[in-house]
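Asks: Numbering (our numbering), first residue to last: 173 to 547.
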Amino acid sequence: MITKNKRLFLFSFLSVSLMLIAGSGIAQSKKTGAESFLFNDSHFHLTNYIQEGITADNFVEQIMGSKVGRSALFGIPVQQQWSFQNSGKFAPSYYLQSDAPLYYYSFTDAYIAMQYKGLSKEQQDRLDPMITGFNPADMYAAKHIERVLRTFPGVFTGIGEFSIHKEFVSSKIAGEVASLTNPALDSILDFAGKVGLVVVLHNDMDMPMAKDKTEPVYLEQMKEVLRRHPKTTIIWAHIGLGRIVHPVGLSSTPSGERSSTHLEIVTQILKDPAMSHVYFDISWDEVAKYIISSPRAVKNTARLMNTFPDRFLFGTDVVAPPDQKFYMAVYQMYAPLWKALTPETSEKIRKGNYLSLFDEARKKVRAWETMHIVK
(Lines of atoms letter the chains of each structure in order from A and count residues from 1; the text may use other names and numbers.)
(Lines give C-alpha, C1' and ligand atoms only; values in the text may rest on other atoms or scores of the structure.)
Protein backbone atom coordinates (compact mmCIF):
# COMPACT_ATOMS: atom_id res chain seq x y z
CA MET A 1 0.00 0.00 0.00
CA ILE A 2 1.37 3.45 -0.98
CA THR A 3 1.08 5.93 1.85
CA LYS A 4 0.40 9.63 1.43
CA ASN A 5 4.05 10.46 2.18
CA LYS A 6 5.22 7.96 -0.41
CA ARG A 7 2.87 9.43 -3.00
CA LEU A 8 4.22 12.91 -2.28
CA PHE A 9 7.79 11.62 -2.59
CA LEU A 10 7.06 9.89 -5.91
CA PHE A 11 5.27 12.96 -7.23
CA SER A 12 8.20 15.19 -6.26
CA PHE A 13 10.71 12.75 -7.75
CA LEU A 14 8.83 12.57 -11.04
CA SER A 15 8.43 16.35 -11.19
CA VAL A 16 12.13 16.95 -10.65
CA SER A 17 12.98 14.25 -13.18
CA LEU A 18 10.74 15.81 -15.80
CA MET A 19 12.25 19.22 -15.12
CA LEU A 20 15.74 17.81 -15.54
CA ILE A 21 14.74 16.08 -18.77
CA ALA A 22 13.14 19.27 -20.08
CA GLY A 23 16.19 21.30 -19.07
CA SER A 24 18.42 18.81 -20.80
CA GLY A 25 16.29 19.11 -23.90
CA ILE A 26 16.53 22.90 -23.85
CA ALA A 27 20.27 22.74 -23.32
CA GLN A 28 20.60 20.29 -26.18
CA SER A 29 18.43 22.50 -28.35
CA LYS A 30 20.60 25.51 -27.57
CA LYS A 31 23.71 23.49 -28.25
CA THR A 32 22.35 22.35 -31.59
CA GLY A 33 21.45 25.92 -32.46
CA ALA A 34 24.96 27.08 -31.62
CA GLU A 35 26.45 24.35 -33.74
CA SER A 36 24.35 25.46 -36.71
CA PHE A 37 25.96 28.91 -36.70
CA LEU A 38 28.87 29.36 -39.08
CA PHE A 39 30.88 31.71 -36.89
CA ASN A 40 31.04 34.31 -34.14
CA ASP A 41 32.26 37.71 -35.34
CA SER A 42 35.10 39.25 -33.32
CA HIS A 43 35.27 42.42 -35.41
CA PHE A 44 32.19 44.29 -36.67
CA HIS A 45 31.41 47.98 -37.22
CA LEU A 46 27.76 49.00 -36.93
CA THR A 47 28.50 52.50 -38.24
CA ASN A 48 30.89 54.03 -40.77
CA TYR A 49 33.30 57.00 -40.92
CA ILE A 50 30.44 59.52 -40.87
CA GLN A 51 28.63 57.67 -38.05
CA GLU A 52 25.91 56.29 -40.29
CA GLY A 53 24.96 52.66 -40.74
CA ILE A 54 22.34 50.12 -39.78
CA THR A 55 20.43 49.51 -36.55
CA ALA A 56 21.49 46.85 -34.08
CA ASP A 57 18.07 45.21 -34.47
CA ASN A 58 18.55 44.94 -38.23
CA PHE A 59 22.04 43.58 -37.72
CA VAL A 60 20.89 40.79 -35.42
CA GLU A 61 17.72 39.82 -37.26
CA GLN A 62 18.57 40.39 -40.91
CA ILE A 63 22.36 40.32 -41.17
CA MET A 64 23.45 37.82 -38.51
CA GLY A 65 20.20 35.86 -38.77
CA SER A 66 20.80 32.12 -38.47
CA LYS A 67 24.33 32.37 -39.89
CA VAL A 68 26.15 34.05 -36.99
CA GLY A 69 25.87 33.26 -33.30
CA ARG A 70 27.56 36.17 -31.52
CA SER A 71 29.26 39.37 -32.54
CA ALA A 72 31.34 42.16 -31.09
CA LEU A 73 29.60 45.47 -31.75
CA PHE A 74 31.37 48.77 -32.25
CA GLY A 75 31.18 51.94 -34.24
CA ILE A 76 34.20 53.81 -35.60
CA PRO A 77 36.00 56.13 -33.18
CA VAL A 78 36.69 58.87 -35.70
CA GLN A 79 34.53 61.10 -37.89
CA GLN A 80 35.51 62.22 -41.38
CA GLN A 81 35.17 65.99 -41.60
CA TRP A 82 33.21 67.37 -44.53
CA SER A 83 35.29 70.36 -45.52
CA PHE A 84 33.61 72.51 -48.15
CA GLN A 85 36.98 74.03 -48.96
CA ASN A 86 38.30 70.56 -49.75
CA SER A 87 35.49 68.69 -51.51
CA GLY A 88 32.80 71.29 -52.12
CA LYS A 89 29.31 69.81 -52.27
CA PHE A 90 30.68 66.26 -52.35
CA ALA A 91 30.06 64.71 -48.95
CA PRO A 92 32.80 62.13 -48.23
CA SER A 93 31.71 58.99 -46.37
CA TYR A 94 35.10 57.27 -46.26
CA TYR A 95 38.51 58.47 -45.13
CA LEU A 96 40.07 57.93 -48.57
CA GLN A 97 37.52 60.22 -50.24
CA SER A 98 38.82 63.49 -48.81
CA ASP A 99 42.00 65.23 -47.70
CA ALA A 100 40.09 66.81 -44.81
CA PRO A 101 41.07 65.55 -41.35
CA LEU A 102 39.47 62.97 -39.11
CA TYR A 103 38.58 63.76 -35.50
CA TYR A 104 37.64 61.59 -32.51
CA TYR A 105 33.90 61.18 -32.07
CA SER A 106 33.05 60.16 -28.49
CA PHE A 107 29.27 60.10 -29.01
CA THR A 108 29.72 56.78 -30.83
CA ASP A 109 29.81 54.99 -27.45
CA ALA A 110 26.47 56.46 -26.34
CA TYR A 111 24.97 55.57 -29.70
CA ILE A 112 26.14 51.96 -29.50
CA ALA A 113 24.90 51.68 -25.91
CA MET A 114 21.43 52.99 -26.76
CA GLN A 115 21.18 50.72 -29.79
CA TYR A 116 22.00 47.77 -27.54
CA LYS A 117 19.61 48.82 -24.78
CA GLY A 118 16.78 49.00 -27.32
CA LEU A 119 17.09 45.29 -28.09
CA SER A 120 15.31 42.35 -26.51
CA LYS A 121 17.21 40.27 -23.95
CA GLU A 122 17.59 37.47 -26.48
CA GLN A 123 19.07 39.87 -29.03
CA GLN A 124 21.37 41.44 -26.45
CA ASP A 125 22.76 38.05 -25.52
CA ARG A 126 24.15 37.73 -29.06
CA LEU A 127 26.13 40.99 -28.94
CA ASP A 128 29.18 42.29 -27.10
CA PRO A 129 29.31 46.11 -27.36
CA MET A 130 32.75 47.72 -27.31
CA ILE A 131 33.95 51.20 -26.25
CA THR A 132 35.82 53.04 -29.02
CA GLY A 133 35.17 56.78 -28.68
CA PHE A 134 38.42 57.86 -27.04
CA ASN A 135 41.69 59.42 -28.14
CA PRO A 136 44.54 56.97 -27.36
CA ALA A 137 46.95 59.92 -27.17
CA ASP A 138 44.93 61.49 -24.34
CA MET A 139 45.89 60.75 -20.73
CA TYR A 140 42.18 61.17 -19.91
CA ALA A 141 41.20 58.32 -22.26
CA ALA A 142 41.01 55.77 -19.44
CA LYS A 143 38.68 58.15 -17.58
CA HIS A 144 36.43 58.26 -20.63
CA ILE A 145 36.25 54.46 -20.68
CA GLU A 146 35.41 54.37 -16.97
CA ARG A 147 32.77 57.07 -17.43
CA VAL A 148 31.10 55.06 -20.20
CA LEU A 149 30.98 51.97 -17.97
CA ARG A 150 29.45 53.97 -15.12
CA THR A 151 26.90 55.60 -17.42
CA PHE A 152 25.88 52.36 -19.16
CA PRO A 153 26.40 49.50 -16.70
CA GLY A 154 25.62 46.04 -18.01
CA VAL A 155 26.33 46.97 -21.62
CA PHE A 156 29.98 46.85 -22.62
CA THR A 157 32.35 43.87 -22.85
CA GLY A 158 35.55 45.49 -24.12
CA ILE A 159 37.31 48.35 -25.89
CA GLY A 160 38.14 48.65 -29.55
CA GLU A 161 38.71 48.46 -32.32
CA PHE A 162 40.92 51.48 -31.74
CA SER A 163 44.06 52.32 -33.69
CA ILE A 164 47.59 53.47 -32.97
CA HIS A 165 49.47 53.19 -36.28
CA LYS A 166 47.10 52.73 -39.22
CA GLU A 167 47.92 53.34 -42.86
CA PHE A 168 46.37 56.55 -44.23
CA VAL A 169 44.28 57.08 -41.08
CA SER A 170 46.89 58.02 -38.44
CA SER A 171 48.25 60.97 -40.40
CA LYS A 172 44.74 62.35 -41.02
CA ILE A 173 43.67 62.58 -37.38
CA ALA A 174 43.68 66.12 -36.07
CA GLY A 175 45.88 66.84 -33.07
CA GLU A 176 48.58 64.70 -31.49
CA VAL A 177 49.35 61.46 -33.30
CA ALA A 178 48.87 58.28 -31.26
CA SER A 179 52.02 56.35 -30.40
CA LEU A 180 52.99 53.00 -28.91
CA THR A 181 55.36 54.84 -26.60
CA ASN A 182 52.75 57.25 -25.23
CA PRO A 183 51.91 56.52 -21.56
CA ALA A 184 48.28 57.28 -22.41
CA LEU A 185 48.13 53.90 -24.15
CA ASP A 186 49.56 52.20 -21.08
CA SER A 187 46.91 53.78 -18.86
CA ILE A 188 44.19 52.53 -21.23
CA LEU A 189 45.51 48.97 -21.24
CA ASP A 190 46.11 49.03 -17.48
CA PHE A 191 42.50 50.03 -16.86
CA ALA A 192 41.20 47.43 -19.31
CA GLY A 193 43.16 44.73 -17.49
CA LYS A 194 41.90 45.86 -14.09
CA VAL A 195 38.27 45.78 -15.23
CA GLY A 196 38.54 42.68 -17.43
CA LEU A 197 37.69 44.43 -20.70
CA VAL A 198 38.86 42.54 -23.78
CA VAL A 199 40.88 44.80 -26.10
CA VAL A 200 40.78 44.87 -29.92
CA LEU A 201 43.80 46.90 -31.00
CA HIS A 202 44.75 47.90 -34.54
CA ASN A 203 48.44 48.57 -35.05
CA ASP A 204 50.18 48.03 -38.36
CA MET A 205 53.28 45.94 -37.87
CA ASP A 206 55.12 47.93 -40.51
CA MET A 207 54.88 51.14 -42.51
CA PRO A 208 53.08 51.09 -45.88
CA MET A 209 55.10 49.82 -48.83
CA ALA A 210 58.03 48.92 -46.58
CA LYS A 211 60.99 47.00 -47.95
CA ASP A 212 61.35 43.43 -46.78
CA LYS A 213 65.07 43.78 -46.11
CA THR A 214 64.35 45.64 -42.87
CA GLU A 215 62.52 44.43 -39.79
CA PRO A 216 58.99 45.84 -39.36
CA VAL A 217 59.16 49.41 -38.06
CA TYR A 218 56.61 49.09 -35.26
CA LEU A 219 57.22 45.47 -34.25
CA GLU A 220 59.57 45.95 -31.31
CA GLN A 221 57.52 48.81 -29.86
CA MET A 222 54.37 46.72 -30.17
CA LYS A 223 55.97 43.73 -28.45
CA GLU A 224 57.13 45.97 -25.61
CA VAL A 225 53.56 47.23 -25.16
CA LEU A 226 52.22 43.68 -25.11
CA ARG A 227 54.79 42.55 -22.54
CA ARG A 228 53.97 45.50 -20.26
CA HIS A 229 50.34 44.41 -19.93
CA PRO A 230 50.27 40.67 -19.14
CA LYS A 231 46.94 40.90 -17.32
CA THR A 232 45.08 42.45 -20.25
CA THR A 233 43.52 40.28 -22.94
CA ILE A 234 44.59 41.85 -26.24
CA ILE A 235 43.43 40.87 -29.72
CA TRP A 236 45.87 42.24 -32.30
CA ALA A 237 43.57 43.10 -35.20
CA HIS A 238 44.35 41.89 -38.72
CA ILE A 239 47.57 40.15 -37.58
CA GLY A 240 49.21 43.55 -37.96
CA LEU A 241 48.45 43.78 -41.69
CA GLY A 242 46.74 46.41 -43.82
CA ARG A 243 45.60 47.35 -47.29
CA ILE A 244 49.18 48.13 -48.35
CA VAL A 245 50.96 46.96 -45.19
CA HIS A 246 51.78 43.57 -46.62
CA PRO A 247 53.21 40.49 -44.87
CA VAL A 248 56.92 40.60 -44.13
CA GLY A 249 58.68 38.68 -46.89
CA LEU A 250 61.80 36.61 -47.39
CA SER A 251 64.28 39.18 -48.64
CA SER A 252 67.83 39.25 -47.31
CA THR A 253 69.24 41.94 -45.06
CA PRO A 254 72.34 43.94 -46.15
CA SER A 255 74.49 41.54 -44.10
CA GLY A 256 73.11 38.62 -46.04
CA GLU A 257 70.89 37.31 -43.25
CA ARG A 258 67.32 36.49 -44.13
CA SER A 259 64.72 38.65 -42.39
CA SER A 260 61.91 36.88 -40.54
CA THR A 261 58.71 36.15 -42.41
CA HIS A 262 55.41 37.42 -41.07
CA LEU A 263 54.36 33.97 -39.91
CA GLU A 264 57.70 33.48 -38.17
CA ILE A 265 57.20 36.74 -36.29
CA VAL A 266 53.70 35.72 -35.24
CA THR A 267 55.01 32.30 -34.21
CA GLN A 268 57.64 33.90 -31.97
CA ILE A 269 54.94 35.93 -30.25
CA LEU A 270 52.71 32.89 -29.77
CA LYS A 271 55.59 30.91 -28.27
CA ASP A 272 56.61 33.67 -25.86
CA PRO A 273 55.19 32.98 -22.36
CA ALA A 274 55.27 36.71 -21.66
CA MET A 275 52.68 37.21 -24.40
CA SER A 276 50.27 34.37 -23.64
CA HIS A 277 47.54 37.00 -23.26
CA VAL A 278 47.88 38.06 -26.91
CA TYR A 279 45.56 36.83 -29.66
CA PHE A 280 45.21 37.63 -33.37
CA ASP A 281 42.12 38.18 -35.46
CA ILE A 282 42.04 37.51 -39.20
CA SER A 283 39.33 40.06 -39.94
CA TRP A 284 39.10 42.20 -43.11
CA ASP A 285 39.01 41.13 -46.74
CA GLU A 286 42.34 42.92 -47.18
CA VAL A 287 43.90 40.36 -44.82
CA ALA A 288 42.10 37.48 -46.49
CA LYS A 289 43.67 38.41 -49.82
CA TYR A 290 47.13 37.69 -48.37
CA ILE A 291 46.19 34.43 -46.67
CA ILE A 292 44.45 32.92 -49.70
CA SER A 293 46.86 34.40 -52.26
CA SER A 294 48.36 30.99 -53.06
CA PRO A 295 48.09 27.34 -52.00
CA ARG A 296 51.41 27.77 -50.22
CA ALA A 297 50.15 30.76 -48.23
CA VAL A 298 47.04 28.83 -47.21
CA LYS A 299 49.11 25.79 -46.24
CA ASN A 300 51.58 27.78 -44.13
CA THR A 301 48.83 29.75 -42.39
CA ALA A 302 46.87 26.59 -41.65
CA ARG A 303 49.98 24.93 -40.21
CA LEU A 304 50.49 27.83 -37.81
CA MET A 305 46.84 27.89 -36.77
CA ASN A 306 46.72 24.14 -36.27
CA THR A 307 49.74 24.50 -33.99
CA PHE A 308 48.18 27.34 -31.97
CA PRO A 309 44.42 26.76 -32.37
CA ASP A 310 43.46 28.77 -29.27
CA ARG A 311 45.08 32.04 -30.32
CA PHE A 312 43.22 33.13 -33.45
CA LEU A 313 39.71 34.52 -34.00
CA PHE A 314 37.70 35.15 -37.13
CA GLY A 315 36.05 38.51 -37.68
CA THR A 316 34.55 40.15 -40.73
CA ASP A 317 35.56 43.81 -40.21
CA VAL A 318 32.53 44.65 -42.32
CA VAL A 319 31.19 48.20 -41.93
CA ALA A 320 27.42 48.79 -41.90
CA PRO A 321 26.56 46.03 -44.42
CA PRO A 322 23.49 46.58 -46.60
CA ASP A 323 22.50 42.91 -46.56
CA GLN A 324 23.58 39.45 -45.43
CA LYS A 325 25.18 38.54 -48.73
CA PHE A 326 27.56 41.50 -48.48
CA TYR A 327 28.30 40.67 -44.85
CA MET A 328 29.12 37.01 -45.54
CA ALA A 329 31.62 37.73 -48.32
CA VAL A 330 34.72 37.79 -46.07
CA TYR A 331 33.81 34.49 -44.46
CA GLN A 332 33.37 32.93 -47.88
CA MET A 333 36.74 34.31 -49.05
CA TYR A 334 38.35 32.17 -46.39
CA ALA A 335 36.88 28.91 -47.75
CA PRO A 336 40.34 27.55 -48.72
CA LEU A 337 41.59 28.20 -45.19
CA TRP A 338 38.60 26.56 -43.48
CA LYS A 339 39.19 23.51 -45.66
CA ALA A 340 42.91 23.39 -44.80
CA LEU A 341 42.39 23.55 -41.03
CA THR A 342 41.62 20.54 -38.86
CA PRO A 343 37.94 20.44 -37.86
CA GLU A 344 38.88 21.18 -34.24
CA THR A 345 40.99 24.22 -35.15
CA SER A 346 38.37 25.55 -37.55
CA GLU A 347 35.71 25.28 -34.85
CA LYS A 348 37.85 27.19 -32.35
CA ILE A 349 38.82 30.00 -34.73
CA ARG A 350 35.32 30.44 -36.11
CA LYS A 351 33.44 30.05 -32.82
CA GLY A 352 35.07 28.69 -29.69
CA ASN A 353 37.83 31.21 -29.07
CA TYR A 354 35.34 34.05 -29.29
CA LEU A 355 33.17 32.45 -26.62
CA SER A 356 36.15 31.81 -24.34
CA LEU A 357 37.44 35.39 -24.47
CA PHE A 358 34.22 37.38 -24.61
CA ASP A 359 32.31 35.29 -22.07
CA GLU A 360 35.17 35.67 -19.60
CA ALA A 361 35.27 39.41 -20.28
CA ARG A 362 31.52 39.73 -19.74
CA LYS A 363 31.81 38.02 -16.37
CA LYS A 364 34.74 40.16 -15.21
CA VAL A 365 33.26 43.47 -16.36
CA ARG A 366 29.91 42.77 -14.72
CA ALA A 367 31.75 41.88 -11.49
CA TRP A 368 33.72 45.15 -11.62
CA GLU A 369 30.52 47.10 -12.20
CA THR A 370 28.87 45.39 -9.24
CA MET A 371 31.76 46.42 -6.98
CA HIS A 372 32.33 49.96 -8.24
CA ILE A 373 29.02 51.38 -9.43
CA VAL A 374 26.48 52.49 -6.85
CA LYS A 375 23.03 51.23 -7.79
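Think of the CB as a built atom: it goes at the ideal place given N, C-alpha and C, for glycine as much as any other residue. Remember, predicted model here, so these are calculated numbers, not experimental data.
Among all the DSSP beta bridges, which residues are the ones paired with residue 302?
Replies: DSSP output for residue 302 lists 330 as bridge partner(s).
Asks: Decide yes or no for the touch test of the segment 272 to 283 against the segment 224 to 243: beta carbon pairs closer than 8 Å, at least 3 of them.
Replies: At 8 Å Cβ cutoff, the stretches do not touch.
Asks: Excluding the five sequence neighbours on either side, which residues of its own chain have a C-beta within less than 7 Å of the C-beta of residue 520, listed in chain order?
Replies: Answer for residue 520: 481 and 482, listed in chain order.
Asks: Taking three-plus beta-carbon pairs below 8 Å as touching, is the segment 336 to 343 in contact with the segment 405 to 416?
Replies: At 8 Å Cβ cutoff, the stretches touch.
Asks: Between residue 443 and residue 436, what straight-line distance do the alpha-carbon atoms span, to the nearest angstrom?
Replies: Answer to the nearest angstrom: the Cα atoms are 10 Å apart.
Asks: Between residue 528 and residue 484, what straight-line distance do the alpha-carbon atoms span, to the nearest angstrom?
Replies: Roughly 12 Å between the two C-alpha positions.
Asks: The beta strand (DSSP E) with residue 374 in it runs from where to where?
Replies: Per DSSP, residue 374 belongs to the beta strand (DSSP E) from 370 to 374.
Asks: For residue 446, collect the residues of the same chain with a Cβ closer than 6 Å to its Cβ; drop the 5 residues on either side in sequence, then sort them by chain order.
Replies: The residues are 399.
Asks: Residue 216 bridges to which residues according to DSSP?
Replies: The partner list for residue 216 (beta bridge, DSSP) reads 490.
Asks: For residue 354, which residues of its own chain have a beta-carbon under 6 Å away from its beta-carbon, when the five flanking residues on both sides are left out?
Replies: Around residue 354: 309.
Asks: Is it a yes or a no for the segment 317 to 337 touching the segment 295 to 308, going by three-plus beta-carbon pairs under 8 Å?
Replies: With a cut-off of 8 Å, the segment 295 to 308 and the segment 317 to 337 count as touching, because enough Cβ pairs lie within range.
Asks: Beta strand (DSSP E) containing residue 528: first to last residue?
Replies: No beta strand (DSSP E) contains residue 528, which is instead part of the alpha helix (DSSP H) from 525 to 544.
Asks: Put residue 321 into one of helix, strand or coil per three-state DSSP.
Replies: Helix at residue 321.
Asks: So, for residue 263: in the same chain, excluding its five sequence neighbours on each side, which residues have a beta-carbon less than 6 Å away from its beta-carbon?
Replies: If we look at residue 263 and ignore the five residues flanking it on each side, its Cβ neighbours are 254.
Asks: Given a threshold of 16 other Cβ atoms within 10 Å of its Cβ, counted over all protein chains shown, does residue 357 qualify as buried or as exposed?
Replies: It counts as buried.
Asks: Check residue 459 in the structure and name its three-state DSSP category.
Replies: Residue 459 falls in the helix class under three-state DSSP.
Asks: Quick one: using the 10 Å Cβ neighbour count with 16 as the cut-off for buried, is residue 543 buried or exposed?
Replies: When all chains shown are included, residue 543 counts as exposed.
Asks: For the alpha helix (DSSP H) containing residue 253, name the first residue and the last one.
Replies: Here residue 253 belongs to no alpha helix (DSSP H), and DSSP marks it neither H nor E.
Asks: Which residues does DSSP pair with residue 408 in a beta bridge?
Replies: According to DSSP, which records beta bridges pairwise, residue 408 is partnered with 373 and 452.
Asks: Apart from the five residues on each side of it in sequence, which residues of its chain come closer than 6 Å, Cβ to Cβ, to residue 372?
Replies: 332, 333, 407 and 409, listed in sequence order.
Asks: Alpha carbon to alpha carbon, what distance is there between residue 494 and residue 224?
Replies: Their Cα atoms are separated by approximately 12 Å.
Asks: By a C-beta neighbour count over all protein chains shown, 10 Å radius and 16 as the cutoff for buried, is residue 380 buried or exposed?
Replies: Under this definition residue 380 is an exposed residue.
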